Amino acid sequence: MSRIGVFVCHCGENISATVDCEKVARTSGELKGVEFSTDFKYMCSDPGQTLMKNAIREHKLDGVVVASCSPRMHEPTFRKACAEAGLNPYMCEMANIREHCSWVHPKGDQTTEKAEDLVRVLVEKVKKNKSLNAIKVPVTKTAVVIGGGIAGIQSALDIANCGHKVIMVEKQPSIGGHMSQLSETFPTLDCSQCILTPRMVEVAQHPNITLYTYAEVVGVDGYIGNFKVKIRKKSKSIDENICTGCGLCTTKCPQKKIPNEFERGLGNRTAIYVPFPQAVPNKPVIDREHCTYYIKGKCKVCEIVCPAKAIRFDQEDEVIEVEAGAIVMATGFDVLKPDFFPEYGYGKYKDVIDGLQFERLASASGPTGGEIRRPSDGQVPKKIVFVACAGSRDPAKGIEYCSKICCMYTAKHAMLYKHKVHDGIPYVFYMDIRAGGKMYEEFVRRAIVEDETQYIRGRVSTIYEKNGKLIVKGADTLMGAQPVEIEADMVVLATAGVSNQGAEELAQTAHISYDAYKFFAEAHPKLKPVETNTAGIFLAGACQAPKDIPESVAAASGAAVKVAALFSNDELTREPLIAVVNRQAPPVFSSCVGCFLCESVCPYQAIEHEEIKNRNGEIIKTIARVNDGLCQGCGTCVALCRTKAIDIQGYSNQQVYTEVMALLND
Amino acid sequence: MQEFEPKIVAFVCNWCTYAGADLTGTSRIKYAANVKIIRFPCTGRIDFMILMKAFENGADGIIVSGCHPNDCHYSSGNFHARRRWIVFRNLLNFAGIETERIQFSWVSAAEGLKWADVVNNTVKKIKELGPNENYKKASVSAEVNEEGASHE
Amino acid sequence: MNELIKIVTQLLSDKTIGVFIGYEKGSAGRTRALFARNADQAQKLICDDTCTQNLAGYLLKPEIKKLGRIGILANIPALRSIMQLASEHQIKDQSLLVLTANSDGSLTEFCDFHSIEKYLETSDVNITSGEKEMIARLESMTTTERREFWSREFEKCIKCYACRAACPMCYCHRCTTDVNQPQWIPVASHEMGNLEYHLMRAMHLAGRCINCGECAKACPMDIPLNLLTYQLIEPIRENFGKTAGMKADAVYALSTFNPDDTENFIL
Amino acid sequence: MDKEIKILKYGDLPKLIGRFNSRGFKVLAPVRSGTIVEINPVGSFEEIVLDALLTRQSAKKVAFPKVEKVLEFDILKKGVVQHPVDPEACPETLLFGVRPCDACGFKSLDSIFGDTPADQFYLKKKEKTTIISFACTTADEYCFCTSVGGGPGNTDGSDLQFTPISPEELLVEILTDKGKEAAALFGDLLTDASTGTDKSQHLADVKVVFDVKNVVDKATSSFNDTEFWLDQSLRCIGCGACAFVCPTCACFDLQDEQNTKKGVRLRLWDSCGFSLFTLHTSGHNPREVQSQRWRQRIMHKFSYMPEQFNGVGCVGCGRCSRACPADMNIKEHLTSIAAQ
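Chains as they are written, first to last, in our numbering: chain F, -2 to 663; chain V, 7 to 158; chain R, 5 to 271; chain W, 1002 to 1341.
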């Protein structure tokens, strides 16, 4: 005979506004096996938990049902409380009467009845619960950081400085990411390269960090503490150990007219190249798509000139597998391809560029040496129009969110321009100016007041070229939406920040969830911002949503701390909600017949063959056994097992069966 | 006579649809109260027999929902489930049991609105279909089949 | 036929096998299983077109296993049963001595699973046209008509489990029906108990049924049970490209998947 | 009572059935259902099939149905409230057109269910049932009633027995008081039989194939002959078909069907042929293999029954043999036992 305790939470008004909590507590008290039931303003609060603990001790409860919010929110909280009161934490279940009831139904009897139903279901379930003990698994104290932008760099350094091994994987030939492309950074206008490159070098030289550039993650197996990560090291066609990085090859390469990705196509590079002067590692790779040798089968100039004899044309991609205890996703973001806006004529008119291209123009190490010149004729533009929200906050274009960083960098661009072209006039078309952040509003003010940037509130409808000028047509909504037309020399589009291409595939490879925009999804929007739903995989930076540098760095450090905490123990305790094969007395031993159909159904190769032998060592029977280190508790085997020989703890056949019984027979 | 309020059980996976339904709540989107959720780790865990039990015990409709293909938290549970349902629906249909009473859906953790739609549409559909007499009349509570009684 | 007796007598006398499962004349013109353990018993062996029973069901019977290595006269359904049982780890390669009677009356002995697979590739493993028609007829009915058809049939069921006992794929030591914590399937032979038992059985045989029809033949109440599992054969082949009992190392249709499996019913 | 003999016209049978119907009797008789003939309720004579040798199932289900509710209960917070089922709550029943072997089968059931503690659920139904059997004019090779003390015209267990003595006429034997009461319902349709009318010449010829006494002795003495039973039972696949169609098999199982609120307790047919029949919770099974279960079936009918009550627990209808998927022919097996 069970002694269940039912604790109904008002959650302030969140539940009690539409559900009669007293009634739920009262009626659940009438259920068979319920020894104690009560309702309380905030069950999760200290007094709430104390009330619960006292009830457990006082009434010798052997099971607890907390009727409150989603178990995805507070299950750990209440299970911990039970444990502290001496009750096995897995004897605690939660009835979700907030997200699944009070918040989605109007005040009324039907809503209260539903709450009562949900409680009854969980009461019946908890009667079938079994005391379980956490599973201990070893932790590999190595982290894989995917992405070598500022977020990845920050995470890697923080983890490495905690004394743990880090493997950084970057798909480009150099780490640095988008930040290395920036000229100056808001709101301080300090040089991006100057603050970033020391960190890049630190990564390269850190004893705890192994760096794989020009590499991609192609497989993730295993589970928290015990991941196996497959990395494809794309062939660089050089022997990094021998190459001295003298750069002679890059000067001699006959292919000189390849648009430079780092310069966003504003400059050129050779086929064997180092993406930018401060690249880390500062060693070239051969771009096989453009290399004469790979196209025509002859050339090999680089090989001839290389003093170190480091060129390896026959080098092949290599796939290595590393073991890791945790993974940090820091794959960053991308900007919307401006050809997204035919009306703005990007691609058609050379002088319509995007923000990143402007960064390169403004960068001292950029194609123009830091002078703002038109891509078309190299002239210094006297009038520049900056178009904010190019794509962002535009349901029509399919992007409803605010890219967040554009307002700030547009203001920065205007300033940079003004500082370089004193007689020039910057215009900014904007919807709203969002400058939340330390010193941000002040920064925008400076752009407007000190640098006389013309801010025009309104959208740009079209841009077209007329005798060497770009005609920008828009409307000024603050002046009664009267039409505005500006003859500009150059237009800069603050294109929306979007998820990196390949993000979806990577998410699927790593088995983490992602949102409608293919940004990786956090486990909880407020309380678990750097965790994913997959234990042991964390998020850093703009792969989660558009973020500026300080935010990315903060998130990266946050993720690093999560990893460090995970690595702080040699063993990690896992929830025992896994599959088990039943065992019985001889001569049956188990109702498993050893058909092993469960073997192929298991996503984690967790099914093993167990031979049952008699005293003479002869095999009587071969049955399935679950490896509790590998089993993740999906239960697919359970649904497949004809004899019901395999069952899953926490969602056992007894439990789900009785839940259905309880739900439908009221 | 008052309107028929169908009993509908939803078997959902913990990672996508359960979280999606949480989001529906967090977003305060309203939906019919007829549907009650039973939480499973994964659609792969959902045994066809639990669906039969639901019908046997008087469910008028059933919702089975989990992660979209490729999004399964366990990578393939929903793929196995999908095969199971393809076969099971075939069988039910052949046995003369209305498959319309089971609504399958993929609802991700981000699709709070979709969950509300799935629920409301299912409730609407089941109301049109009416009570699940076919299955109920054979259920435990019904008079036990005295010999020959069923012929009368 | 004499050839069969000769071979089996030899196999038994030189102890290659401990028992040979074949056919003998039964009562009222029936043909039934014979378990020859010595030369005398082997004399009763027959081999003609009345030998239609699928004898593979006997392969896993404990008392028969105890008789030593098993030889069997396997018809096509039996050969497929052996393949399916092998794929479910119930029979090891070369543990059996398998004979089959060809259409011309000659006998073939299989040295291993592979040779059985080859043999089956060229054999007709389809359900009969009569069975096809019956299924088509049922499919042409309305849902309600089908429901009535089956409730009339299931009403007759007395839960004697002859279908289960006769099925070579129902080898579980403990059938789901006998699982009582929880009691998934009502034990009683009332309408619900019968309906759920037969649905459960059909589901558990989906993708495993090798259409030997033993279940229907065994049913003392003449319920056409085989149709339940037969009608799943085609969809499973169509959707998943799998046919049961053709390969010893086959992966079960429902324990694997294809990311591109298509359906039209999931929102 | 000493029996009366009368004559009834075939043509009056519809009237006869009509009388019982109008008297509120539940009339059960052989009717065609699909491919088989079964004993089921009938509204009119037209539905009845009299030319079938035997119905697929025996007549036992009339008093011992395959599923029978014996208790209802409610589950409350504290304890359970029981609602017993009243055994009396069963209709007056006429069982019409069954074979002598079926009627005879009730003798075994009476002794089993009548034994202390008396089983009211069976007895009350039986008590309220009047049995009109039809003597057999044909038989098939599975029949062996004469070898177990019965016969095509055996009247044991029947209240009335009809024997076709000509295409138009039936010889009516009124055998019991219950039979007399029933006959009163259609007395006007009966005419006196000319003295010396002998039904035996009209009966089917069923040869005696073994001496049942031998079977009883040999079965009992060969209990430990494992090889013998194994040899007999290798073909057996362990289903319950034989037991469920058998007119004398009386084993049952009690099952509760309940949800969290209420439940019913059901009595269901069971079979000693099932491996689960004797399985202990511990996993131990005293009848571990099928040969032991087959032996049990034979022993129960031909050793234990004669020991406990008088007479064997088999009426020689041969249903089990006809129903057996594996062609376990009991007549053949018994003959071999007797010949041991």
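Heads up, the beta-carbon is just placed ideally off N, CA and C, and yes, glycines get one too.
Predicted, not measured: the structure shown is a model, and the values here were computed from it.
What does DSSP give as the partner residues of F:D644 in its beta bridges?
As a position in the first sequence, residue 644 of chain F is number 647, starting the count at 1. F:V577, per the DSSP bridge assignment.
Leaving out the 5 sequence neighbours to the left and right, which residues in its chain are closer than 7 Å to W:F1253 when beta-carbon positions are compared?
Within the fourth sequence, residue 1253 of chain W is the residue found at index 252, counting from 1. Counting only Cβ-Cβ distances below 7 Å, and skipping sequence neighbours, we find R1268, L1269, W1270, D1271.
Should F:A201 be flagged as near chain V, meaning a C-beta pair shorter than 8 Å?
Mapped onto the first sequence, residue 201 of chain F falls at position 204. With 8 Å as the cut-off, F:A201 does not count as an interface residue toward chain V.
Evaluate R:C115 with the Cβ neighbour count: other Cβ atoms within 10 Å of its Cβ, from every protein chain shown; 16 or more gives buried, anything less gives exposed.
Walking along the third sequence from the start, residue 115 of chain R turns up at place 111. Exposed, since its Cβ has fewer than 16 Cβ neighbours within 10 Å.
Contacts around W:E1069, its chain only, beta-carbon distance under 7 Å, and the 5 residues preceding and following it disregarded
The count along the fourth sequence starts at 1 and reaches residue 1069 of chain W at position 68. Only F1122, L1267, R1268 meet the Cβ criterion.
Whether or not the stretch 24 to 37 of chain V and the stretch 211 to 222 of chain R are in contact is what I'm after, with contact meaning three or more pairs of Cβ atoms, one per stretch, closer than 8 Å; do they touch?
no
Is any beta-carbon of chain F found at less than 8 Å from that of R:P190?
Looking up residue 190 of chain R in the third sequence gives position 186. No, its Cβ sits nowhere closer than 8 Å to a Cβ of chain F.
Name, please, each residue of chain F whose Cβ falls closer than 8 Å to the Cβ of W:I1076.
Your numbering for residue 1076 of chain W matches position 75 in the fourth sequence. In chain order: K29.
Per the DSSP calculation, F:W100 is bridged to which residue(s)?
Residue numbering aside, residue 100 of chain F sits at position 103 when the first sequence is read from its first letter. Its beta-bridge partners do not exist; DSSP assigns none.
Suppose only complete runs of 4+ residues qualify. What are the alpha helix (DSSP H) ranges in the stretch 293 to 366 of chain F, listed by chain order?
298 to 302, 352 to 359
Quick one: measure Cβ to Cβ for V:M55 and R:M204, integer angstroms, because I've assumed they're closer than 8 Å.
Position 49 of the second sequence holds residue 55 of chain V. Position 200 of the third sequence holds residue 204 of chain R. Indeed they touch by this definition, with Cβ atoms about 6 Å apart.
Could you compute how far the alpha carbon of R:P190 sits from the alpha carbon of R:T181?
Locating residue 190 of chain R in the third sequence gives position 186, where the first residue counts as 1. Locating residue 181 of chain R in the third sequence gives position 177, where the first residue counts as 1. So the two alpha carbons sit approximately 8 Å from each other.
Helix, strand or coil at F:S128 according to DSSP, with G and I counted as helix
Here residue 128 of chain F is taken as the residue at index 131 of the first sequence, counted from 1. Looking at F:S128 - three-state DSSP - the assignment turns out to be coil, as it is neither helix nor strand.
DSSP three-state call for F:P278: helix, strand or coil?
The count along the first sequence starts at 1 and reaches residue 278 of chain F at position 281. Three-state DSSP puts F:P278 in coil, outside helix and strand.
Using the Cα positions of W:V1050 and W:A1030, report the straight-line distance between them to the nearest angstrom.
Here residue 1050 of chain W refers to the residue found at position 49 when the fourth sequence is read from its first residue. Here residue 1030 of chain W refers to the residue found at position 29 when the fourth sequence is read from its first residue. W:V1050 and W:A1030: Cα-Cα distance of roughly 8 Å.
W:W1295 - containing alpha helix (DSSP H), residue span:
Working through the fourth sequence from its first residue, we reach residue 1295 of chain W at position 294. 1291 to 1300 is the extent of the alpha helix (DSSP H) around W:W1295.
Using a Cβ distance threshold of 8 Å, determine whether the stretch 360 to 378 of chain F contacts the stretch 416 to 427 of chain F, with at least three qualifying pairs required.
yes
Nearest-angstrom Cα separation, counted from V:C78 out to F:A80
The residue given as residue 80 of chain F occupies position 83 in the first sequence. The residue given as residue 78 of chain V occupies position 72 in the second sequence. Cα-Cα distance, rounded: 31 Å.
Under 7 Å Cβ-Cβ, which residues of chain F neighbour W:T1261?
The residue given as residue 1261 of chain W occupies position 260 in the fourth sequence. What W:T1261 touches in chain F: E121, M658, A659, N662.
Once you ignore the five residues that flank F:P86 on each side, which residues in its own chain have a CB closer than 6 Å to its CB?
For the purposes of this step, residue 86 of chain F is taken as residue 89 along the first sequence, with counting starting at 1. R76, C79, A80, listed in sequence order.
C-alpha distance - F:S99 paired with V:G72, whole-angstrom precision
Residue numbering aside, residue 99 of chain F sits at position 102 when the first sequence is read from its first letter. Residue numbering aside, residue 72 of chain V sits at position 66 when the second sequence is read from its first letter. Roughly 23 Å between the two C-alpha positions.
May I have the straight-line CA-CA distance separating F:N611 from F:I617, to the nearest angstrom?
For the purposes of this step, residue 611 of chain F is taken as the residue at position 614 of the first sequence. For the purposes of this step, residue 617 of chain F is taken as the residue at position 620 of the first sequence. In a straight line, the C-alpha of F:N611 is about 6 Å away from that of F:I617.
Just the Cα atoms here: how many angstroms apart are W:V1043 and W:C1237?
As a first step, residue 1043 of chain W must be located in the fourth sequence, where it is residue number 42. As a first step, residue 1237 of chain W must be located in the fourth sequence, where it is residue number 236. Whole-angstrom Cα-Cα distance: 36 Å.
Listing by chain order, which chain V residues have their CB less than 7 Å from the CB of F:Q646?
The sequence position of residue 646 of chain F within the first sequence is 649, counting from 1. None at all; the shortest Cβ gap to chain V is about 10 Å.
Under 8 Å between C-beta atoms, does R:T181 make it to chain V?
If you number the third sequence from 1, residue 181 of chain R lands on position 177. With 8 Å as the cut-off, R:T181 does not count as an interface residue toward chain V.
List, in order along the chain, the chain R residues whose C-beta lies closer than 7 Å to that of V:F54?
Your numbering for residue 54 of chain V matches position 48 in the second sequence. Going along chain R in sequence order, the residues near V:F54 (Cβ under 7 Å) are M207.
Using the beta-carbon of each residue, which ones in chain W are nearer than 8 Å to F:Q581?
Sequence index remark: in the first sequence, residue 581 of chain F carries index 584 (1-based). Here the neighbours are G1284.
Anything in chain F within Cβ reach of R:Y175, meaning under 9 Å, just list it in chain order.
Residue numbering aside, residue 175 of chain R sits at position 171 when the third sequence is read from its first letter. Those are V590, C592, listed as they occur along chain F.
Starting from R:P239, find everything on chain V with Cβ-Cβ shorter than 9 Å and list it in chain order.
Within the third sequence, the letter at position 235 stands for residue 239 of chain R. Those are I92, V93, N96, listed as they occur along chain V.
Please list, in chain order, the chain F residues whose beta carbon lies closer than 7 Å to that of V:K13.
The residue labelled residue 13 of chain V in the question sits at position 7 within the second sequence. The answer, in chain order, is L661.
Are at least three pairs of beta-carbons, each pair with one atom in the stretch 591 to 602 of chain F and one in the stretch 252 to 260 of chain R, less than 8 Å apart?
yes
Where V:A148 sits in the DSSP three-state scheme:
Position 142 of the second sequence, counting from 1, holds the residue named residue 148 of chain V. In this prediction, V:A148 has a pLDDT of 42, which is less than 50 and means its spatial position is unreliable; nothing more can be read from the coordinates.
State buried or exposed for W:A1185, treating a residue as buried only when at least 16 other CB atoms are found within 10 Å of its CB.
Taking the fourth sequence and counting its residues from 1, the one referred to as residue 1185 of chain W is at position 184. Flag for W:A1185 reads exposed.
Taking the alpha carbon of F:I283 as the reference point, which residue from F:T407, F:C240, F:I235 has its own alpha carbon closest?
On the first sequence, residue 283 of chain F is found 286 positions in, with the first residue counted as 1. That would be F:I235, whose Cα lies nearest to the Cα of F:I283.
Output the residue ranges of the beta strand (DSSP E) runs that lie fully inside the stretch 59 to 102 of chain V and measure 3 residues or longer, sorted by chain position.
67 to 72
Out of F:S400, F:K544, F:Q151, F:G342, which one is the CA nearest neighbour of F:A553?
Working through the first sequence from its first residue, we reach residue 553 of chain F at position 556. Nearest of F:S400, F:K544, F:Q151, F:G342 to F:A553, Cα basis: F:Q151.
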